[in-house]
Amino acid sequence: MPDSLDQPPAAGASRQALQRVLFGGVYGTVLASSLASALDHDTGQPNPGYDALWIMVAALAAAASHGYAHAIAHWTPGGRKTTVEAARSVVTEWPLVAAAVPTVAVLLGSWAGWWSEAGGIGVALLLNTAALFGWGLWAARSAGQGWARACRVGAVDLLLGLLIVAVNALSH
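And the structure:
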């Protein structure tokens, strides 16, 4: 059944796929930024490789749990087998994991000695804050909004990133 009376079913499915990408992108970027900030405050020896591993594990776990919960919430008696539906739903959460990849890559650069762990966290937070603006801009433009409104939406997403940066700075 179409999402609206104006759109054919294919347009509704395409719109839903784009919404998943945008949701996963924002959620994954915020998750990666928050975890990078939190892992920056451990009391042991800096280990950005360990931090990168745990950010990816957390992103994969979040994607799997969100996809599984989504499949179970929409399961109906007589529908597809729950395991097949859950597996499909988990796979559609790939944007959440993909959004964490830049943070993981920056931390792996720190692990390789390109910069310090704190420097890597700073680069990741800056990159992710810019990405959040981009996610908001893309979402608004995809929804047919003009450039001014799209920039405002991007700015609100950017504020999420700045909030994480501010909390990270204040907690040192």
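Mapped onto our numbering, the consecutive letters of the sequence shown carry residue numbers 649 to 820.
Note that the Cβ used here is the ideal one computed from N, Cα and C, for glycine as well.
Given the structure is predicted, the values throughout are model-derived calculations rather than measurements.
query                                                                                                        : result
C-alpha gap between Trp-765 and Tyr-698, whole angstroms                                                     : Note that residue 765 is Glu in the sequence shown here, rather than Trp. When rounded, the distance between both Cα atoms is 11 Å.
Under 7 Å between C-beta atoms of Val-704 and Val-674                                                        : According to the sequence shown, residue 704 is Met rather than Val. Result no, Cβ atoms of Met-704 and Val-674 do not sit closer than 7 Å.
DSSP-derived helix/strand/coil call for Asp-688                                                              : coil
Start-to-end residues for the alpha helix (DSSP H) that takes in Trp-763                                     : Segment: none, Trp-763 is in no alpha helix (DSSP H) and carries neither H nor E.
Stretch-stretch touch, CB-based, cutoff 8 Å, three pairs: the stretch 801 to 808 with the stretch 736 to 746 : no
Proximity of Gly-809 and Ala-748 at Cβ, strictly below 7 Å                                                   : no
Nearest-angstrom Cα separation, counted from Ala-706 out to Leu-811                                          : 21 Å
Beta-carbon gap between Ser-758 and Pro-696 smaller than 7 Å                                                 : yes
Anticipated Cβ contact below 8 Å, Asn-816 with Asp-688, distance rounded                                     : 7 Å
Cβ-based neighbour list, Leu-773, same chain, cut-off 8 Å, excluding 5 preceding and 5 following             : Ser-681, Ala-684, Ser-685, Gly-809, Ile-812, Val-813, Asn-816
Closest residue to Tyr-716 among Val-745, Gln-793, Glu-741 (Cα-Cα distance)                                  : Glu-741
For Glu-733, three-class secondary structure by DSSP                                                         : helix
Helix, strand or coil at Ala-791 [DSSP, three-state]                                                         : coil
Beta-carbon proximity list for Leu-755, same chain, < 6 Å, skipping 5 on both sides                          : Pro-696, Asp-699, Ala-700, Gly-768
Residue interval of the alpha helix (DSSP H) (run including Ser-819)                                         : No alpha helix (DSSP H) holds Ser-819; DSSP gives it neither H nor E.
Rounded C-alpha distance that separates Gly-794 from Pro-725                                                 : 43 Å
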